[in-house]
Amino acid sequence: MTVLDTDLRPAEPPRYVVFWRRYRRNRAALLGLFLFAIVVLMALTAGLVDPGDPLRRAGQPLVPPFVDASTPLGTDQLGRSILSQLFYGARISLLVGVLATLVSIIIGIVIGALAGYFGGWVDDLLMRVTEAFQTIPNFVLLLTLVAILGSKIEWITVAIGVVSWTAPARMVRAEFMSLRNREFVDAARNLGVSNTSLIFREILPNALPPIIVYASVIMALSILLESALAFLGLGDPNYASWGNMIGQGRAVLRTAWYCSAIPGIAIVLTVLSFSLLGEGLNDAMNPRQKQ
Amino acid sequence: MKPTIPPLLIYALRRLLQAIPVIILIMMGTFLLLKMAPGDTVDALVGDMGGADAAFIARLRAEYGLDQPIWVQLWRYMVKLATFDLGRSFVYEQPVATVLMDRLGTTLLLMATSLSLAFSIGITLGAFAARRAYSLADNLISTLGLIFYATPSFFLSLMMMLLFSVKLGWLPVGGIKTIAGFYTGWDHVVDVARHLVMPTAALSLIYLSFYLRLMRSSVMQVADQDFVRTARAKGAGETRLMVHHIMRNALLPAVTLFGLQFSTLLGGSVVVETIFTLPGLGQLAYQSVIQRDMNTLMGIIFLCSIIVILVNFLTDLLYARLDSRIELS
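Just so you know, the protein sequences line up as chains Y and L, in that order. By the count of UniProt numbering, the first sequence reaches residue 291 at its end, each step adding exactly one. By the count of UniProt numbering, the second sequence reaches residue 329 at its end, each step adding exactly one.
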């Protein structure tokens, strides 16, 4: 028998290539990726666009967009450049979005995994706690936490994570409940594997994909929550934030509407990009679900 | 034969019993938050008086039970909450319960208008899009839904203000009624309604998009099922098919969402009420944060939680009534 006779199938393309082929079939998802790339680029190049403090006075107050070349998108009532604030705001939105999502997913995984894996009274107790968190209106709880912890950006991020972990916890719990009695888990258990490594090394990797897709939703919600806080003037005053720009622009809405319209459009496009991205990821991961 | 209790009633009672541990957990949570907050009741009192000597402060602490062990304090706090004694607001110089009741009506009115708008329009558009799936109309509606979802309510509020109040002068910019109007009867109703148009629109659009997307997928799913094909084969017209066979089943997930979304909607009212200066619970929550009025803030959390639990209870009952497949006993 020669090598030629063996029925070796042609090498399958690597998994990420398959994934990308599936992803790009969805044109809306491509648009989402494009918008997302722009926001990331803005966040990365903020220092190049304006090496100084974005909150410093850059020119005359209330210059309309496309008039002065040094402040292309105009200035607000304090003479701060809208363009530099927009770029630095992208940084804060993304940073808060990513970190708050991490916090919420970590809390969600721990609570959901314990409830789903152990069941019984642990599940009962943790689910009642989850229900309590779902019952309290999350924005009111967020305001309270910010009132208690203060308006530093780190605390705001943690607080946003703390008010948005319930949905991932429920998803993780459902996944764990369906996975905990599968053969591979039983096999590992019979080999004497400890509960901790059963949870984190056997079950969790299998439970993660839907959570990763859902992360895009949490990210979008976190950005909306941060901007709403900043809009109300409860954000960190030391950083440029889109929500804060809109809140400040409210005072001059009558004469200089662009002060709030420009950052507003930035928020809409960013949140839109996350929604589209999430839908695209979902379709690419479960190609059979969509018929 | 023994008189039997109707199963719906037993189901309702069981659901109410399940809510009790959640309420207890929320009480413990608000107590914890109060303890985490810098300063306590006595600090607020003394601050109000402009300072006092240490012996007097210690006596006040003892009077308010703040020298007791933490478990005793928690127990007393929960007993007070259970009788709806929410403490005193040091900003409004009134019991918190009184302050809240003044504000409750406005918020409930805003909730009712926003939810009905989001529910009715979202469901209609979603069902319409599903019947013409992948057509131009469907794409348009779905895109609109995505944009509504991505637009923060405060941004939408400002843009509506700019258009309808500043540029066109059609709608009042804030408040719940014209201050010096003294309208009565229908004039009053019309006046309040004019004030509620923009807040309702701002608050409902994001939820409208939820219902739209849910309804679209739900109708498409139900329309594929065997009983719909059977009904069509028996000669049911498209309208009858839609109203009688598809909608009744496709509505069920939307009813569940109704209960789930209520808490988020209450949270959203903070921003919208603050922008439009509507004297409701949301605006009060914002003012309490600014003024560090922790008692009022905890009262709002507690009252909102009770409302959310009640709404969820009612939607559960409605769901059980609508879906005869649910075993009530």
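Even glycine gets a Cβ: it sits at the ideal position worked out from N, Cα and C. As the structure is a prediction and not an experimental result, all values here were calculated from the model.
The region 76-91 of chain L and the region 282-295 of chain L touch, with no fewer than 3 CB-CB distances between them shorter than 8 Å.
Listed along chain Y, no residue sits closer than 7 Å to residue 78(L) by beta-carbon distance, the nearest being about 14 Å off. Between the region 275-289 of chain Y and the region 26-35 of chain Y, the count of C-beta pairs closer than 8 Å reaches three or more; the two stretches touch.
The three-state secondary structure of residue 71(Y), taken from DSSP, is strand. CA-to-CA, the gap between residue 195(Y) and residue 16(L) works out to about 35 Å.
Look at residue 164(Y) here: in three-state DSSP terms it is coil, with no helix or strand label. Three or more Cβ pairs closer than 8 Å define a contact, and the region 279-287 of chain L meets that threshold against the region 98-117 of chain L. Per the coordinates, the alpha-carbon of residue 268(L) lies some 10 Å from the alpha-carbon of residue 262(L). Here DSSP, grouped into helix, strand and coil, assigns residue 94(L) to strand. Of all alpha-carbon atoms in 184(Y), 249(Y) and 234(Y), the one lying nearest the alpha-carbon of residue 149(Y) is that of 234(Y). For residue 81(Y), the pairing in a beta bridge is given by DSSP as 75(Y).
Cβ atoms of residue 267(Y) and residue 152(L) come within 8 Å of each other, at about 6 Å. The beta carbons of residue 169(Y) and residue 108(Y) sit about 4 Å from each other, so the pair counts as a contact at 8 Å. As a beta-bridge residue in DSSP terms, residue 89(L) pairs with 94(L). Approximately 6 Å separates the beta-carbon atoms of residue 209(Y) and residue 285(Y); this is inside 8 Å, confirming the contact. From the listed residues 144(L), 233(L), 193(L) and 222(L), the smallest Cα separation to residue 245(L) is found for 222(L). Taking C-beta atoms as the reference points, residue 22(L) and residue 128(Y) count as a pair closer than 7 Å. In terms of beta-carbon proximity, residue 35(Y) stays away from the interface with chain L, with every pair separated by 7 Å or more.
Rounded to the nearest angstrom, the gap between the Cα atoms of residue 303(L) and residue 85(L) is 11 Å. Per DSSP, residue 247(L) is one residue of the alpha helix (DSSP H) stretching across 247-275. Chain-order list of chain Y residues neighbouring residue 274(L): 232, by C-beta distance under 8 Å. Between residue 161(L) and residue 81(L), the C-beta gap is not smaller than 7 Å, which leaves the two residues out of contact.
In this structure, DSSP gives residue 183(L) a state outside helix and strand, which the three-state scheme calls coil. Neighbours of residue 152(L) in chain Y, taken as residues whose beta carbon is under 7 Å from its own, are 224, 227, 228 and 267 in chain order. Counted as a single uninterrupted DSSP element, the alpha helix (DSSP H) harbouring residue 218(Y) occupies residues 204-231. Under a criterion of Cβ atoms nearer than 7 Å, the residues of chain Y adjacent to residue 36(L) are, in order, 148. A contact is defined here as three or more CB-CB pairs under 8 Å, and the region 41-50 of chain Y fails this definition with respect to the region 215-229 of chain Y.
Per DSSP, the unbroken alpha helix (DSSP H) holding residue 157(L) starts and ends at 153-160. The alpha-carbon of residue 115(Y) is positioned some 35 Å away from that of residue 236(Y).
Between residue 154(Y) and chain L, the shortest Cβ-Cβ separation is not below 7 Å. When Cβ-Cβ separations below 7 Å define contact, residue 114(L) makes no contact with chain Y. The residues 80 and 240, in chain order, have a CB closer than 7 Å to that of residue 55(Y) in the same chain once the five nearest residues on each side in sequence are set aside. Here residue 193(Y) carries a coil assignment [DSSP, helix/strand/coil].
About 7 Å separates the beta carbon of residue 164(L) from that of residue 198(L), a gap short enough to meet the 8 Å contact definition. Residues of the same chain with a CB within less than 7 Å of the CB of residue 253(Y), apart from the 5 flanking positions on each side, are 260 in chain order.
The Cβ neighbour count for residue 185(Y), taken over all protein chains shown within 10 Å, is at least 16; the residue is labelled buried.
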